[in-house]
Each structure stands twice: as structure tokens, then as C-alpha cells.
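Working notes, beginning with the structure itself.
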Amino acid sequence: MRPLSISALRRLLPALALLTIAQVAASVWFTVSSDREHDTVLELFAVLVIGCSFAGAGLFAWWRRSENIVGPLMFLTGFFWFFNVWVLSDSAGIFALGYILSSLSYAFLIHLLLVFPEGRLETRLERVVVAGGYFVVTVLQLSSALLIDPALNGCEGCPENPLLITENPDLYDIHNALQSVLAIAVLTGLVVALVRRWRTWPQSRRRAFAPVLWAGGLSLTLISLQLAVDVLGAPEGVRQAIFLAALVPFALIPFAFLAGLLRSRISRAEAVGALVAGLSTSAEGRGLRDALAEALSDDSVELAYWVPETGGYVDADGARLELPGEGDPRLWAEVTHDGRRVGAIVHAGRLDDAAELVQTIASAAGLRMENERLDAELRARLEDLRASRARIVEAGYRERRRVERDLHDGAQQRLLALGLNLKLARSRLEEDPAEAGELLDEATAELEQATAELRELARGIHPGLLTDRGLVPALEALASRAPVPVALTAEVDQRPAAGVEAAAYFLVSEALANVAKHAEAGRASVRVIQSNGWLTVEVLDDGRGGADPDGSGLTGLADRVAALDGSFSVADHDGGGTIVRASIPLG
Amino acid sequence: MRLVVADDSVLLREGLVRLLEEAGFEVVGQAGDAEDLLRKVRAHKPDAAIVDVRMPPTHTDEGIRAAQEIRAELPGVGVLVLSQYVEETYARELLADDAAGMGYLLKDRVSDIDALADAVRRVGAGGSALDPEVVSSMLGRRRQEDPLDALTPREREVLSLMAEGRSNRAIATELVVTDRAVEKHVTSIFSKLDLPATDEDHRRVLAVLTFLET
Numbered sequence: 001m002r003p004l005s006i007s008a009l010r011r012l013l014p015a016l017a018l019l020t021i022a023q024v025a026a027s028v029w030f031t032v033s034s035d036r037e038h039d040t041v042l043e044l045f046a047v048l049v050i051g052c053s054f055a056g057a058g059l060f061a062w063w064r065r066s067e068n069i070v071g072p073l074m075f076l077t078g079f080f081w082f083f084n085v086w087v088l089s090d091s092a093g094i095f096a097l098g099y100i101l102s103s104l105s106y107a108f109l110i111h112l113l114l115v116f117p118e119g120r121l122e123t124r125l126e127r128v129v130v131a132g133g134y135f136v137v138t139v140l141q142l143s144s145a146l147l148i149d150p151a152l153n154g155c156e157g158c159p160e161n162p163l164l165i166t167e168n169p170d171l172y173d174i175h176n177a178l179q180s181v182l183a184i185a186v187l188t189g190l191v192v193a194l195v196r197r198w199r200t201w202p203q204s205r206r207r208a209f210a211p212v213l214w215a216g217g218l219s220l221t222l223i224s225l226q227l228a229v230d231v232l233g234a235p236e237g238v239r240q241a242i243f244l245a246a247l248v249p250f251a252l253i254p255f256a257f258l259a260g261l262l263r264s265r266i267s268r269a270e271a272v273g274a275l276v277a278g279l280s281t282s283a284e285g286r287g288l289r290d291a292l293a294e295a296l297s298d299d300s301v302e303l304a305y306w307v308p309e310t311g312g313y314v315d316a317d318g319a320r321l322e323l324p325g326e327g328d329p330r331l332w333a334e335v336t337h338d339g340r341r342v343g344a345i346v347h348a349g350r351l352d353d354a355a356e357l358v359q360t361i362a363s364a365a366g367l368r369m370e371n372e373r374l375d376a377e378l379r380a381r382l383e384d385l386r387a388s389r390a391r392i393v394e395a396g397y398r399e400r401r402r403v404e405r406d407l408h409d410g411a412q413q414r415l416l417a418l419g420l421n422l423k424l425a426r427s428r429l430e431e432d433p434a435e436a437g438e439l440l441d442e443a444t445a446e447l448e449q450a451t452a453e454l455r456e457l458a459r460g461i462h463p464g465l466l467t468d469r470g471l472v473p474a475l476e477a478l479a480s481r482a483p484v485p486v487a488l489t490a491e492v493d494q495r496p497a498a499g500v501e502a503a504a505y506f507l508v509s510e511a512l513a514n515v516a517k518h519a520e521a522g523r524a525s526v527r528v529i530q531s532n533g534w535l536t537v538e539v540l541d542d543g544r545g546g547a548d549p550d551g552s553g554l555t556g557l558a559d560r561v562a563a564l565d566g567s568f569s570v571a572d573h574d575g576g577g578t579i580v581r582a583s584i585p586l587g
Numbered sequence: 001m002r003l004v005v006a007d008d009s010v011l012l013r014e015g016l017v018r019l020l021e022e023a024g025f026e027v028v029g030q031a032g033d034a035e036d037l038l039r040k041v042r043a044h045k046p047d048a049a050i051v052d053v054r055m056p057p058t059h060t061d062e063g064i065r066a067a068q069e070i071r072a073e074l075p076g077v078g079v080l081v082l083s084q085y086v087e088e089t090y091a092r093e094l095l096a097d098d099a100a101g102m103g104y105l106l107k108d109r110v111s112d113i114d115a116l117a118d119a120v121r122r123v124g125a126g127g128s129a130l131d132p133e134v135v136s137s138m139l140g141r142r143r144q145e146d147p148l149d150a151l152t153p154r155e156r157e158v159l160s161l162m163a164e165g166r167s168n169r170a171i172a173t174e175l176v177v178t179d180r181a182v183e184k185h186v187t188s189i190f191s192k193l194d195l196p197a198t199d200e201d202h203r204r205v206l207a208v209l210t211f212l213e214t
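Protein chains in written order, with my numbering: chain A, 1 to 587; chain B, 1 to 214.
Printed below as a string of C-alpha cells:
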């Protein structure tokens, strides 16, 4: 229900109060002026006490919780209750109106019971029960009004029914039986729906609903008792006494609703208190979420922790999390601590005041959430680290396999051939010295090839110059061997740690290899700058760009850099081509 | 020609000494590290020292540093540095200021005793020796608007051999052409690359190195 503005309420509620007073006056008048035999005091007492309590409490609830449909429903229940005495009127028209309108109260009451306290129907059953209730008291009551002849139904002095279309008592009886069966079905559904609701409710919510149950249960018991003594034929005085006794708790029902409505707030305030108290002792990571789920009676509550580095949210396990966006029925509230964003509470937004409550809780939970956020951030980093470490280990094994293969296919084969040639030469030495000489020449050539291959292999594993002279000379050598012209700019005052040098070197090496393989570039430039405790390496080419940052070579680079707490990026740059950039802390 | 040989690998050092002695050199001292080398060089004042780059204690570039110390202390002693890898950086450090009596070769060259003996003799006589691999890497470096593109293939060959520190005669023998033809190529190269002409081999090396460095 869309809440009315305060000014609209200021006009509407007094008007409704005046209308109720007019209704009271009319009801009193119709009762007092009736010529029929009835107990004026008893009827008036019953109608006025129940009608006024519902209508008055309804208006109050409407005023206090204007966004909640509970107030209007209570008011309508009470207001239409008064029509019960309109049937006493001697006027046929008033009688018919009273007959039709008085039963509406029951439908409003059923609706009220099922939406309390959050003001919303939730299950299909609940919606069916409410719709059934309205059907019975509108369509069926109206058609019943067309068929009932009061004189034939135990009302001696009643006026003639002006709506009567046919005087057929059987038809009325059939209709009446149908209406009763439907009403019983609706009431049964109501009980089932209420029991189901009760079961799913947390303790705090049950407490809010308890006064209604006590009042309702007591009056229902008394009404059943009255029906029982009715059947047993007890004296009129007893019957009336029980009826009057039943009226008291029934009249208390609206106040019980009111109490529940207000108490649900108080108990939630207590829940916030308990939440905060519980959080200060609970060490469990899940504690906050569970406490929130309990406080909000919402099992779907999720906590999202803000990770400033990535500008996104993660859950408690460090996995990425998206906040509900447009069109998502769920809501979220930001949680801050000391003015910094620490996370968000994602909730179903079922309760009307959930958003407000979540805000209260969010400010109470800020510190705790900040701690959990740091935890989650750490876990996210650990998760990244674990994956990156696995990739580094895997890359290490891959590299070993490559070295093994290179050694096996290259130098080892050449040395074997060399050995064979030497043996052959030895055997030919005497009978054919010329051939032996040729074989020795071949052997020498194989040997040269083998040493050259071993040299290249060793350089690829770790360039000697990098160890001996450091990053810049090693990069100069790398640039001079590159298949495209490379302009190297280096501003490095002192040698970084060996790990940093190696990471920077292999980054440039891999990036230049990629330039040669994929970029279709005419030239490249390498910039290495040391400043403010960071070593920044940039490799830029003028090729076609579009490098895939998830390519295995680039992931390997990113991992190497990440292992040193550095940052790594690959992007197309404005002038076309690719720019690979890494910044590594010099520690 | 009297030599001191320094290499921490006894096997290689012994082999090298044997080869050099067979080739007619007199090895007056052997050293296993840079300190030992300097002591023996100071004591024997050989014509040349043959020095491995990697030696104890750090196994990085002791040989290069030792070569520079010898150069500074005893300019008359030629130094031929042998390295498992050839790096332009080292070539520049050793030869760029003054290529006289300085050589830098890949260790593999020891298997070609003639080439090795030739390099040792050049360095011992105050000339230079630069490994063909360093030269080809320098020549092969990609440049924007490369002036080397103006050279004919034959001129490139001559330039390479010059950079290695060979004399005109040696170049002529290597390419099987007359001395006169080599001289013509050299003049042409120097004018195309806009280098100052010089006859001394090690100055030519320096000029070519300087050019290739820029």
C-alpha cells in the first residue's frame, strides 16, 4: 500500500473520525427507534464497544503506521461492524443496507489477521483465503439479499425486504447452505494459513502476535461456549452473560493488534540491542549475518564486503558479489564506518520498515563489518594468491619440461652424434686417415653447435648479465637482440632486489617476444623508471593492439608481478598498439 | 710469446695451456682466481693474459674487473677475456675506451686453435680481438634508418672482420681477395659511414665499435 502523505492523512483521518461519530449516532438512532422487540442496551453495547474499539484503534494505527495496511483494515472492520444494528431499523432500505454491509467486517477481519504485522500477503493460500472472504461477503451476500424473506427466517417484526426478487424459501436455503460451506472453507483456510505463518516466525515476531492470539482465542472460546449452551438450551440469562463476556476480549482484539504493531517495533529495537551485544562476544565470521537474519526475520540476508582495491563487493568467502540492481526485488543498505564504506547488507525488503531497521543496524554493525570486511578482503587476496601460486608452480614445471626437452632434443643428441663420430674416426684412423679427419671435423662442428645451444638455453633460464650487471645492461642486451627496433629509456638509480630485477627483465622479455609474434609492430619502446619506492616497467608497441590479457604468457607475467605485490596491466593505447605496464614495490 | 692463463676450471685451464703450448706459446703462469691472476701478472709481466670472466668468489664478472685492473696498472700487458656468453656490455667496457691490447672472445673459440692463436697474437702485439658473435649481434641490431643498409654485402663482411680486429692482410686472406681490394672496401666503408680514416687496426676497431654503439 502506497503511504499517503502526512497532509493527506491530516485531512482524511479527522474526516473518517467524524464519519464514525455519524455512524455511531445513526446506529444508536436505528436501535433506539426500532419498533421490533430487542434488547437495546445489549445490542448497543455489543456494537458500540466492538465497532468503536476497532475503528478507533484502526485510526490510531493508521496515523502511526501510515504505510501499513493494518490500520485501514482495522478501521474498516470496526466501521462496518456498526451496520449490524442497521437491520433493527424499521425502514426497509436501511434494513437491506445493514444486511448487505454488516458482513463486510468479517472479510476485513480475515484480511487483517493474515497481513499482520507487516501489511502484506505472502503465500498463495493467504491470497486465496482473503479473496474467498471478500467473495462470500460481497457477491454471495448480495445474492443472498435478493433471496431472503426476513419473515420466513425468524424475524417477526422485520420490514419487508425491498430487494427480494422471488419468494422461494428453498432457493434461499440452498443459497444459504452454499454460503455457509464457503464461509467454513474460508475460515479453515484462515486457520491453516495462520498456523503456517506462526511456524515460520522467529520468536520476536511471535511475541508481537501473542496479544492478538490471546484476545482472539479467548473470545472464540467464549463464543463457542455460548453456541454450545445455545444448543443445550441453557437459560437466556446464562447465554447473555457468556455473550457479554465474549464481547470483552473480542473488543480487546484491536488493541491487541495495536499493541502488537507497536511492540513489533519495540522488539526489533531489542533485537538491534541484542544484535550489538551478541556481536561484541561472537567470534564467528558468520555471526553478523545470522544475527541480522534473525533480527530482520529474513533468511536471505547477505553481507557484501567492500574491497577498495578492485572497487567491488565480495562475500564472506572472498568471492565476487553483485548488489541487487534495478528490477531486483531485494534491497541493500550501505554500511559505513568512520565515514568509509565497508560493505552492504542485502535483504529481501519484505518488512515495511526493513529498510529503516537495516539502516539502524548498519550503523550499529559498522565496526564489526569493517573487521569482517578486512577478513573477507584478506580471504579474497589469499584466494588470488593461491591461484597465482598454483600457476607459478605450474609454470615452473612447464619450464622444467621445456628445458628437459630442449636439452634432450638439442645438446644431448649432438653430443651422442659427436661420440659416434669420434668412435668412427678412431676406427678409421689407420686405414683411412682422410676420412677420419672429416669425421673429426664433423665432430667439432657438432660440438660447437651443442655448446651454442647450451649457451642459449642457459641465457633463457637466467641471463648472466642480469646477475652480473643488473637490469639496465641486461635490458640493453635484450633490446639489441629483439627482432624489431627497440628504444630503451631507463631511469634506475640503484639496483633493485634480484627478484624485482628478474620480474622486470622477464616481463620485458615476454612482452617483446609477444610484440615479435603477434603485434605486427614496426617498433617498440621500453621504459623503466624507478621513483618513490616503485619500479615501473612499460613496454609499448605500434602494432595492431588487442592483446588478450588472459593469454598464458601475460597471465604468467601478471603472476610474477603479483607475487611481488605489484600491479600489472595490459591495454591498447591511444596511438594504436599495446601497452604492457607493471609497477613493482621496491620494498 | 709469454702468457698467463686464468680459469677456475682446472680441466679447461690445463687443456687450454696444452693447446697454447702446442701452438708455440710459452705459458709462464696459471691462476685459479682474479687475485692469483693479478699476482702472477705483476710477477711475470707476460705479453698477454688469458682470463675467464667467471671466477671465484662470486662467479660473476671477476675476469672483466681483473682485465680492467691489468689495463690500468700494466698497459703493456695484453688481455684476452674468454666468456661463456658474449655480451655487448662487456665488449664495450673492455674495448670502447681503448681497444689496444684487448680482446674479448667466446670461450667456444678454444676449439679452433688457429683462430685462438691468431687472437692471442694480435692482443699480445697490442692489437684487438672481438668475437664474431658480438660483431654480428652489433651489426644485426635493428635500427631505424640504418646507415649499414648503404653497404654492399662484401663491405659488410669486411666491416665485420675489421670489427673483430683483423688486419687488412688477414681480411684479404680470409676473403681470398687482394690487399688492394680490401683497402678499397675499407675506404668505401669509412666514407659511407662517415668515419675518420685510420690505418691502425685497433683504432679501426674503436671507430667501428663507436659507430655500432650509437
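Note that the Cβ used here is the ideal one computed from N, Cα and C, for glycine as well.
Everything numeric in this text was worked out from a predicted model, so none of it was measured.
Thinking C-beta only, is VAL77(B) closer than 8 Å to VAL41(B)? yes
If the cut-off is 8 Å on Cβ atoms, which residues from the segment 469 to 484 of chain A count as contacting chain D, listed in chain order? Checking the listed chains, one finds no chain D in this structure; the protein chains it contains are A and B.
Looking at the structure shown, is ARG591(A) part of a helix, part of a strand, or coil, going by DSSP? The shown model of chain A, from 1 to 587, leaves out residue 591(A), and the question about it has no answer.
Quick one, are the C-beta atoms of ALA304(A) and VAL49(A) less than 8 Å apart? no
Quick one: is ARG527(A) near chain B, going by C-beta distance under 8 Å? no
Given that GLU87(B) touches chain A, what residues does it touch there, using C-beta distances under 7 Å? LEU465 and ALA477
Chain A within 8 Å of GLN30(B), Cβ atoms only: no
Establish whether the CB of ASP114(B) and some CB of chain A are separated by less than 8 Å. no
Examine chain A for any beta-carbon lying closer than 8 Å to the beta-carbon of ASP108(B), and answer yes or no. yes
Is ILE50(B) near LEU94(B), with beta carbons less than 8 Å apart? no
From this set, HIS111(A), LEU13(A) and HIS38(A), which residue's C-alpha is nearest ARG65(A)'s C-alpha? LEU13(A)
Does the segment 91 to 108 of chain B come close enough to the segment 189 to 207 of chain B to have 3 or more Cβ pairs within less than 8 Å? yes
C-beta contact flag for HIS347(A) and VAL301(A) at 8 Å: yes
Quick one: is ASN532(A) buried, meaning 16 or more other Cβ sit within 10 Å of its Cβ, or exposed? exposed
List the whole-angstrom C-beta distance separating ILE361(A) from LEU262(A), where the pair is believed to meet the contact cut-off of C-beta under 8 Å. Incorrect: roughly 20 Å between the Cβ atoms, too far for contact.
Mark GLN397(A) as exposed unless 16 or more other C-beta atoms lie within 10 angstroms of its C-beta, in which case mark it buried. For the sequence presented, residue 397(A) should be read as Tyr rather than Gln. So TYR397(A) ends up on the exposed side.
Beta-carbon spacing of PHE116(A), VAL70(A) below 8 Å: yes
Exposed or buried, which one is TRP62(A) when buried takes at least 16 other CB atoms within 10 Å? buried
Name the chain A residues that come within less than 7 Å of GLN68(B), Cβ to Cβ? Ordered by position in chain A, no residue passes the 7 Å Cβ test against GLN68(B), which lies about 14 Å from the chain.
Short-range partners of chain B found in the segment 433 to 444 of chain A, where Cβ spacing is below 9 Å: THR444
Could one say the Cβ of ARG455(A) lies closer than 8 Å to chain B's Cβ atoms, at least one of them? yes
Element boundaries [beta strand (DSSP E), containing VAL526(A)]: 524 to 531
Can you find a C-beta in chain B that's less than 8 Å from the C-beta of LEU447(A)? yes
Beta-carbon separation (whole angstroms), VAL528(A) vs LEU475(A), contact threshold 8 Å: 7 Å
Is ARG581(A) near PHE506(A), with beta carbons less than 8 Å apart? no
Could you name each continuous alpha helix (DSSP H) segment of 4 residues or more that falls completely within the segment 54 to 97 of chain B, going from the start of the chain to the end? 62 to 73 and 88 to 95
In chain order, which alpha helix (DSSP H) runs of at least 4 residues are fully inside the segment 10 to 41 of chain B? 10 to 22
For PRO585(A), the residue or residues it bridges with in DSSP: TRP534(A)
Can the beta-carbon of GLY318(A) be found less than 8 Å from the beta-carbon of GLU372(A)? no
Per DSSP, what are the beta-bridge partners of THR210(B) in this structure? Looking at the DSSP assignment, THR210(B) forms no beta bridge with any residue, so it has no partner.
Would you kindly report the start and end of the unbroken alpha helix (DSSP H) that includes ILE110(A)? 104 to 115
Using 8 Å as the threshold, is the C-beta distance between LEU125(A) and ALA183(A) below it? no
I want to verify the contact list: residues of chain B whose CB lies under 8 Å from the CB of THR489(A), in sequence order. Those do not exist, as THR489(A) stays about 15 Å from chain B at its closest Cβ, beyond 8 Å.
Decide if GLY460(A) is buried, meaning its Cβ has at least 16 other Cβ atoms within 10 Å, or exposed. exposed
For SER144(A) versus ASN176(A), is the C-beta distance shorter than 8 Å? yes
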